[in-house]
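For the sequence shown, the UniProt record's numbering begins at 1 and goes up steadily by one. The beta-carbon is built from N, C-alpha and C at its ideal position, and this holds for glycine as well. Structure, as structure tokens:
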Amino acid sequence: MSEREERRFVEIPRESVRLMAESTGLELSDEVAALLAEDVCYRLREATQNSSQFMKHTKRRKLTVEDFNRALRWSSVEAVCGYGSQEALPLRPAREGELYFPEDREVNLVELALATNIPKGCAETAVRVHVSYLDGKGNLAPQGSVPSAVSSLTDDLLKYYQQVTRAVLGDDPQLMKIALQDLQTNSKIAALLPYFVYVVSGVKSVSHDLEQLHRLLQVARSLVRNPHLCLGPYVRSLVGSVLYCVLEPLAASINPLNDHWTLRDGAALLLSHIFWTHGDLVSGLYQQILLSLQKVLADPVRPLCSHYGAVVGLHALGWKAVERVLYPHLSTYWTNLQAVLDDYSVSNAQVKADGHKVYGAILVAVERLLKMKAQAAEPNKSGPSGRGCRG
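Structure below.
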């Protein structure tokens, strides 16, 4: 291609890129500015070419701002707002030289906020469903209205919510057991699901009280095991609360007399139960959970109780999770753990006890991994006929 053909497009000089970077507090070298200028020119040419295609499809000869914004959306780039007006943009000259700038008119924010004509945004088109019934007993609320959370609950549901909450967080263990059992089997509490999920999210504010953590975890277990409830969008919040009990260094774990290990074991089993029974709802969360467990294991600053939670969490999620996350990291982690176990100083007594907990959890997880690997290899040893030798 000749030099004349290469200069058919407008090129942005590196000085302009450097000035834009300096306006945001960044300093660029000449090489970086040249590379950025070249990339900006390419992106602008690409957007212009795509916008011209949209213009041709609508059989027009004038390129509009909407055509350019469509090209940006096509490239997964946020649209440019503020340039779609049909009126001409007034420009004023500067006194210093031949420089023109758009005139900024004063805007009354009070009048703008109270105006009835709301400007059209650049959000994507959405569809909302309004359900109606032929018998006239369905959704009687006007279309587009937003129901309030308080008015949507009947007096019976509100009373049930208050009684269950008091029973679970109260001092009567027998009453708490009855409330949890009813919460697990009641088929008429679908409207209360977001309220109970909010109660479970309170684990982050009572990390100093193991008893309250156990009770809130039992509420989450009852909600998950209720076959009449559709967790839907609330499953992510439940998983977050359960994972908090598994991984976080709770304030109650500072006292060695507090058995926070049982809480982490129960939370890990509940996390596994959620994934096994509601796999269609949490399929997108599985990779995020594994990544969170991996980050905790790879962080030496985290306390050993958090490492223990990560190990039991992987063990609860299955041997494939152990093989994928724990096994590749085991050689590095084992060296650090062995250094803790070999320290016999008095000041390291509690940390060493926590290290033995992690050591035991790793042995259990790896033992299960080896057993599953051995079972998977047994059919291959039996030969093509599928009959193995029995000793």
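Cut-off 7 Å between Cβ atoms - residues of its own chain near residue i, not counting five sequence neighbours on either side
{"i": "residue 285", "result": "236, 239"}
{"i": "residue 220", "result": "200, 238, 241, 242, 270"}
{"i": "residue 134", "result": "In this predicted model, residue 134 has a pLDDT of only 42, less than 50, meaning its place in the structure is not dependable; the value taken from the coordinates is given anyway. Cβ neighbours of residue 134 beyond the five flanking positions: none."}
{"i": "residue 244", "result": "203, 204"}
{"i": "residue 179", "result": "164, 167, 168"}
Where residue i falls: helix, strand or coil (DSSP)
{"i": "residue 300", "result": "coil"}
{"i": "residue 102", "result": "strand"}
{"i": "residue 19", "result": "helix"}
{"i": "residue 210", "result": "helix"}
{"i": "residue 90", "result": "coil"}
{"i": "residue 58", "result": "coil"}
{"i": "residue 173", "result": "helix"}
{"i": "residue 50", "result": "helix"}
{"i": "residue 83", "result": "coil"}
Straight-line Cα distance separating residue j from residue i
{"i": "residue 145", "j": "residue 195", "result": "Only weak support exists for where residue 145 lies, its pLDDT of 44 falling under 50; the coordinates are left without a value."}
{"i": "residue 76", "j": "residue 45", "result": "16 Å"}
{"i": "residue 182", "j": "residue 283", "result": "29 Å"}
{"i": "residue 19", "j": "residue 298", "result": "42 Å"}
{"i": "residue 342", "j": "residue 377", "result": "36 Å"}
{"i": "residue 265", "j": "residue 312", "result": "7 Å"}
{"i": "residue 103", "j": "residue 50", "result": "31 Å"}
{"i": "residue 310", "j": "residue 335", "result": "17 Å"}
{"i": "residue 54", "j": "residue 81", "result": "18 Å"}
{"i": "residue 187", "j": "residue 216", "result": "20 Å"}
{"i": "residue 84", "j": "residue 16", "result": "25 Å"}
{"i": "residue 229", "j": "residue 185", "result": "9 Å"}
{"i": "residue 351", "j": "residue 158", "result": "47 Å"}
{"i": "residue 90", "j": "residue 107", "result": "16 Å"}
{"i": "residue 190", "j": "residue 222", "result": "13 Å"}
{"i": "residue 372", "j": "residue 357", "result": "23 Å"}
{"i": "residue 170", "j": "residue 24", "result": "56 Å"}
Close Cβ partners of residue i (< 8 Å) along its chain, the five nearest in sequence each way excluded
{"i": "residue 269", "result": "316"}
{"i": "residue 74", "result": "50"}
{"i": "residue 61", "result": "55"}
Chain-order list of residues whose beta-carbon lies under 6 Å from that of residue i (same chain, five-residue window excluded)
{"i": "residue 11", "result": "41"}
Problem - Every unbroken beta strand (DSSP E) within the segment 263-328, with a cutoff of 3 residues, ordered by chain - result: Segments of the beta strand (DSSP E) lying fully in the segment 263-328: there are none.
Handout entry: Validate contact between the segment 58-76 and the segment 21-37 using beta carbons, cut 8 Å, 3 pairs
Key = no
Handout entry: Secondary structure, alpha helix (DSSP H): runs of 4+ residues fully inside the segment 326-384
Key = 327-341, 349-381
Exercise for the section: Would you check if there are 3 or more beta carbon pairs closer than 8 Å linking the segment 361-368 to the segment 324-335? Expected result: Touching, yes, given that three or more Cβ pairs across the two stretches are closer than 8 Å.
Handout entry: Within the segment 218-255, ranges of the alpha helix (DSSP H) (whole runs, at least 4 residues)
Key = 235-247
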